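Residue numbers (the working numbering), protein chains in the order written: chain A, -6 to 497; chain Z, -6 to 497. The beta carbon of each residue, even a glycine, is placed where N, CA and C say it ideally should be. These figures come from a predicted structure and were not determined experimentally.
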């Protein structure tokens, strides 16, 4: 069997090099490409992606997986569930079977529908007119449901969609965790809304872009980002991307009139990047050298952004430096004002503007509607009303326009149904891991206050990063925290933090 | 036959998209890549290049070319030599036969030898010790000669090497043209050396990098570079590259202590870029959308850099602006001083530092030695002595070290034998085209003085650029100038220009 795995690894190595090449083209497309080059870049990317698809789904891969004893019941084959080779087979079998089960005619139909869908969505959002997007969303939704049927599932078609972003997670587990979370977030948001609002006007001043870049770069470096194998560039919609085992790039966006976007965005991307820069040498260059799920990935970015970057201790450490960079803007802002301001909670219609407390409610809203759409319990025709009702129920506010409601996110137009939950799972896993970290080092505040970030980075690397996808999200969660995912850790973290800030 | 060509165009389109993808990876490698990512980038590039090679050399391409009637005697097949389809078949047949005639074992041997050769060359140059490079050069040379035999030729194995860089050019034609050029350049350099030297000290001051960037960018834009389909970035060894039909990127290098490198380098690359941005829509996206030879490409860069950018009229137009950007550096520098300074002639050991007059002699030296090496008349063992002798003969100076002599250029270590002549051909074609342009517009000085660069760009586009590789270099030369390539135009241009500058 060893030889079969060796042959598979040679084939998936080419698959990976092609994916990295696509990532390079895509990175350039989001950062430096001249505008007239965009249409042909689409052709170049489509070719590389189809070559990668052919590599992965070649009949020989199927033969070798069968020879290794892989099946739906034992995707790790005869290598065993607990070995790295078993994990390699498990992840390859999952990716391979997903791709061969979706007929190429369906892949092409989805590509066409989402390409048209994105254009229609952009127009509809611009004109604030859901009717323009409706037929496209209906088409995308029906194809996505068809995809779920093709991939197959045990309990719920949504499981087959989740699997693309959050492997091995199930609809029922998310429902269980989100249901506990929902009531506690609503309760917390309600108690906060009864307290006097904190002031964050100091974040809205004029901040030199050049100084923001330097300040953020210094912090990113101190958090542990390895610039010998990475870069920072700028883009409209920041992201992290891996162009090679030693080539992890983060991107940011700076706004002159608002301090919050640039720095916190880059700390968030640094969290993603530290994960990608932390895989074991042993898995470098094979398909296990990747985040094990989007939820685990998001746990890393949100831990660094929110739990670390928006903590009081972090600004005890960095406020003096911030005052050096921005003396006139911050000289009269005290530590407590600063800390409270960057953690202001206030319900908003727009998810990406949401605070730590209400963010999860935005996700629960989308999860609820996606489930109903996929089940067929909700028609696209009725989406506007359903969105408003859910928003009133969860956030206590109701959008007056589609642009502030069901048209705000690009995801559905791209066919990315089953993606949203990973954002909330990130917060949940992050809090659960953080509690385990606190059990280990005890005084995390002192550690952050002293800028001892390597201690945290090394703990995360050792507990999470180095494994890449060789452990599933569930396995990692149990190994690091000793139990399955549950909402209690996030609830406790938020409760403690915001009780201090809002004083209830 | 039309259908055969259609099928070929579909196949070469994928070939081209893969080459463009490689170009994107290579551009990033020279501009933004983090250092630790370099080794894996080599793997990514090698995979894309091997996929492109497989596309081009697939048996189906051979069948279709045969079905189109292509042969060594009539590479344009039954489409005819004078049609665009014929030109397409001619260039495809040339590329295809070159690649299938070189056995893959030889391709791999050359890749290994040149990879080791480049490393050895860098070390040898650093230590100024030719002996360290000698065995590697012997290996590379023998493989390159083997390649020439595999490709085949009529008169001289060097023809088969030339063909890679300067298609359809022959050793005998270059010998004929270079022989006339040699005596005139030696004579001109000798007369200049008897005159008082011009002063260029004003170019060696401190020039803010940021201001140099802005100044050069403005000029590049005014010369006609299309930023909607292109970019400027910075790199150690500037180049121009085409990442797509509407994606042509130039690169520059600025030195704070010397004004000459940054601006003139970017004007040079702009010349290359205007060629690549000027192909007819009709050939966009197929293999004719490329420069027809390196010599023709270099004619464009050198025309803009030297004939235009180092003309007196150009600085009548731009010196006032240069004084705005660099008041303290240039306020006391008069137009004539400026013009003379940027055209200083002085023999140097290093080719890339050479002036317009002696540059050709550096190339003639290399051409002479390459011919002797390929013929076997000169042994690598005797290269140091042969170089010094040729340098004394041609340039009147003899390098005392190998680093200033036979180790100065990377080309041979890369197996690029037959490449150097294209640099001199660029000057020759450029002068011959320029004479034709002068016949059309008459007063080119006034045109340049007024900054009417679009007139020149449009004439070049109409006469040269739009054809891409649909006309060979020889065809272009005869069509534009009415005769075959000859040294007289370059000789007259240099004679007139430097008589004025040095006053003889």
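Rounded to whole angstroms, what's the CA-CA distance from residue 91/A to residue 42/A? Just pull it up for me.
Counted from its first residue, the first chain places residue 91/A at position 98. Counted from its first residue, the first chain places residue 42/A at position 49. Cα to Cα, residue 91/A sits roughly 16 Å from residue 42/A.
From the DSSP output, in three-state form, read off residue 227/Z for me.
As a first step, residue 227/Z must be located in the second chain, where it is residue number 234. If DSSP states are grouped into helix, strand and coil, residue 227/Z belongs with the strands.
Does the beta-carbon distance from residue 388/Z to residue 364/Z come in below 8 Å?
Position 395 of the second chain, counting from 1, holds the residue named residue 388/Z. Position 371 of the second chain, counting from 1, holds the residue named residue 364/Z. Against a cut-off of 8 Å, the Cβ pair of residue 364/Z and residue 388/Z comes out as no contact.
Nearer than 7 Å: is that true of the beta carbon of residue 84/Z relative to any heavy atom of the ligand ATP?
The ligand ATP is not part of this structure, which contains no ligands at all.
Could you check which residue in 448/Z, 86/Z and 423/Z has the C-alpha nearest to that of residue 433/Z?
Here the question's residue 433/Z lines up with position 440 in the second chain. With distances taken between Cα atoms, residue 433/Z lies closest to 448/Z.
Given 8 Å as the limit, is there contact between the region 245 to 257 of chain Z and the region 435 to 446 of chain Z, that is, 3 or more CB pairs closer than that?
no
Give the DSSP-derived three-state secondary structure of residue 478/Z in the structure shown.
Position 485 of the second chain holds residue 478/Z. Coil.
Kindly say whether residue 25/A, judged by its beta-carbon, lies nearer than 8 Å to any beta-carbon of chain Z.
Numbered from its first residue, the first chain carries residue 25/A at position 32. Cβ-Cβ to chain Z under 8 Å: yes for residue 25/A.
Would you call the region 201 to 215 of chain Z and the region 305 to 320 of chain Z in contact, with 3 or more CB pairs under 8 Å?
yes
Measure from the alpha carbon of residue 261/Z to the alpha carbon of each residue in 301/Z, 44/Z and 274/Z, then state which is nearest.
Against the second chain, residue 261/Z aligns to sequence position 268. Of 301/Z, 44/Z and 274/Z, the residue nearest in Cα terms is 301/Z.
Relative to the C-alpha of residue 186/Z, which residue among 126/Z, 339/Z and 212/Z is closest?
Sequence index remark: in the second chain, residue 186/Z carries index 193 (1-based). Minimum Cα distance to residue 186/Z is reached at 339/Z.
Within 10 Å of its beta-carbon, does residue 175/A have 16 or more other beta-carbons around it, so buried, or fewer, so exposed?
Mapped onto the first chain, residue 175/A falls at position 182. Burial call: buried.
Along the chain, where does the beta strand (DSSP E) containing residue 242/A start, and where does it finish?
Position 249 of the first chain, counted from the first residue, corresponds to residue 242/A. 240 to 245 is the extent of the beta strand (DSSP E) around residue 242/A.
Hey, quick one: how far does the beta strand (DSSP E) through residue 237/A stretch, first residue to last?
Reading the first chain from its first residue, position 244 is the one you call residue 237/A. Per DSSP, residue 237/A belongs to the beta strand (DSSP E) from 233 to 237.
So, using beta-carbon positions, are residue 465/Z and residue 287/Z closer together than 8 Å?
Stepping through the second chain from its first residue, residue 465/Z is reached at position 472. Stepping through the second chain from its first residue, residue 287/Z is reached at position 294. Result no, Cβ atoms of residue 465/Z and residue 287/Z do not sit closer than 8 Å.
Bridge-paired residues (DSSP) for residue 86/Z
In the second chain, counting from the first residue as 1, residue 86/Z sits at position 93. Paired residues: none, contrary to the question.
What do you get for residue 303/Z, buried or exposed, if any count of 16 or more other CB atoms within 10 angstroms of its CB means buried?
On the second chain, residue 303/Z is found 310 positions in, with the first residue counted as 1. The residue is buried, with at least 16 neighbouring Cβ atoms inside 10 Å.
Under the three-state DSSP convention, the category residue 129/Z falls into
The residue you call residue 129/Z lines up with position 136 of the second chain. Here residue 129/Z sits in helix by DSSP.
Measuring straight from C-alpha to C-alpha, what distance separates residue 292/A and residue 268/A?
Locating residue 292/A in the first chain gives position 299, where the first residue counts as 1. Locating residue 268/A in the first chain gives position 275, where the first residue counts as 1. Each residue's Cα considered, the two are about 10 Å apart.
As a quick exercise: from 16/Z, 80/Z, 483/Z and 15/Z, pick the residue whose alpha carbon is nearest that of residue 276/Z.
Translated into positions along the second chain, residue 276/Z becomes position 283. Residue 276/Z has its Cα closest to that of 80/Z, out of 16/Z, 80/Z, 483/Z and 15/Z.
Any beta-carbon of chain Z closer than 8 Å to the one on residue 42/A?
Walking along the first chain from the start, residue 42/A turns up at place 49. No, because no Cβ of chain Z sits closer than 8 Å to the Cβ of residue 42/A.
Would you call the CB atoms of residue 63/A and residue -2/A closer than 8 Å?
Locating residue 63/A in the first chain gives position 70, where the first residue counts as 1. Locating residue -2/A in the first chain gives position 5, where the first residue counts as 1. No, the Cβ-Cβ distance between residue 63/A and residue -2/A is not below 8 Å.
Name, please, each residue of chain B whose Cβ falls closer than 7 Å to the Cβ of residue 238/A.
Protein chains in the displayed structure are A and Z, and chain B is not among them.
Using the three-state DSSP reduction, which class does residue 268/Z fall into: helix, strand or coil?
On the second chain, position 275 is the one that residue 268/Z refers to. Note: residue 268/Z maps to helix in three-state DSSP.
When you compare only the Cα positions, how much space is there between residue 500/Z and residue 107/Z?
Residue numbering for chain Z in the displayed model covers -6 to 497; residue 500/Z lies beyond these limits and cannot be assessed.
Quick check on the burial criterion: 16 or more other C-beta atoms within 10 angstroms. Buried or exposed for residue 230/A?
As a working note, residue 230/A is residue 237 in the first chain. By the 10 Å Cβ count, residue 230/A comes out exposed.
Strictly by DSSP, which residues pair up with residue 251/A?
Along the first chain, read from residue 1 onward, the residue named residue 251/A stands at position 258. In the DSSP output, where bridge partners are listed per residue, residue 251/A has 248/A.
Would you please state the rounded distance, in angstroms, between the beta carbons of residue 379/A and residue 362/A? I believe it to be under 8 Å.
Here residue 379/A refers to the residue found at position 386 when the first chain is read from its first residue. Here residue 362/A refers to the residue found at position 369 when the first chain is read from its first residue. That belief holds up - the Cβ atoms of residue 379/A and residue 362/A are roughly 6 Å apart, short of 8 Å.
By DSSP, does residue 399/A sit in helix, in strand, or in coil?
Sequence index remark: in the first chain, residue 399/A carries index 406 (1-based). Correct three-state label for residue 399/A: coil.
Taking the CB atoms as reference points, tell me whether residue 265/Z and residue 296/Z lie closer together than 8 Å.
Within the second chain, numbered from 1, the residue matching residue 265/Z stands at position 272. Within the second chain, numbered from 1, the residue matching residue 296/Z stands at position 303. Their beta carbons are not under 8 Å apart, which means residue 265/Z does not touch residue 296/Z by this criterion.
Using a C-beta cutoff of 8 Å, does residue 272/A count as contacting chain Z?
Looking up residue 272/A in the first chain gives position 279. No, its Cβ sits nowhere closer than 8 Å to a Cβ of chain Z.
I need the straight-line Cα distance from residue 111/A to residue 407/A, nearest angstrom please.
The count along the first chain starts at 1 and reaches residue 111/A at position 118. The count along the first chain starts at 1 and reaches residue 407/A at position 414. Cα-Cα distance, rounded: 6 Å.
Taking only the alpha-carbon atoms, compute the straight-line gap between residue 49/A and residue 6/A and give it to the nearest angstrom.
Position 56 of the first chain, counted from the first residue, corresponds to residue 49/A. Position 13 of the first chain, counted from the first residue, corresponds to residue 6/A. Rounded to the nearest angstrom, the two C-alpha atoms are 10 Å apart.
Can you look up residue 346/A in the DSSP assignment and give me helix, strand or coil?
Position 353 of the first chain, counting from 1, holds the residue named residue 346/A. Three-state result, residue 346/A: helix.
Tell me whether residue 357/Z sits in a helix, a strand or coil according to DSSP, three-state version.
The count along the second chain starts at 1 and reaches residue 357/Z at position 364. Three-state result, residue 357/Z: helix.
7 Å Cβ cut-off: residues of chain Z touching residue 17/A:
Position 24 of the first chain, counting from 1, holds the residue named residue 17/A. 17, 18 and 21, listed in chain order.
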